[in-house]
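Under the numbering used here, the first residue of the sequence shown is numbered 61, with each subsequent residue one higher.
For every residue, glycine included, the Cβ atom is placed at its ideal position computed from N, Cα and C.
Model, not experiment: these values are computed from the prediction.
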Amino acid sequence: MKTLIMKCHESRTDPMEEILEQRNTPRADTKRSPAEMMMNRKLRTMVPSRVKAEPRCESRVNRKKSVKNGSIKKRTINQK
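What follows is the structure, encoded as structure tokens:
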């Protein structure tokens with residue numbers, strides 16, 4: 061991180077943009093970026109990404125259909 065900021069200072073570029081790009085770079089072990097894991101979505105940057113973000117939860121439409129069919133029961137306030 062320190063070398064990144066020093067390089068930005070030498071090249072007179074904005075260090076915040078470079079830090080954002082570093083945080084948006086996917087990790088090899090998780091295949092997701094740290095920003096994506098924290099925010100639960102892809103952040104917008106100038107660099108295009110090759111990997112599409114995978115939805116972590118099902119869409120509201122599919123959930124409503126499942127509730128209507130009875131495969132998922134609605135939760136009430138007192139239920140855990």
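When the five nearest sequence neighbours on each side are left out, the beta carbons in the same chain lying within less than 7 Å of the beta carbon of THR85 are those of SER93, in order along the chain. The C-beta separation of THR90 from MET97 comes to about 7 Å, placing the pair in contact by the 8 Å criterion. Ranked by how close their Cα comes to the Cα of ARG104, the residues ALA88, GLU81, SER126 and LYS124 have GLU81 in first place. Per DSSP, THR63 is one residue of the alpha helix (DSSP H) stretching across 62-71. Inter-residue distance for GLU78 and LEU64 is about 8 Å (C-alpha atoms, whole angstroms).
Around the C-beta of ALA95, 16 or more other C-beta atoms lie within 10 Å, and the residue is accordingly described as buried.
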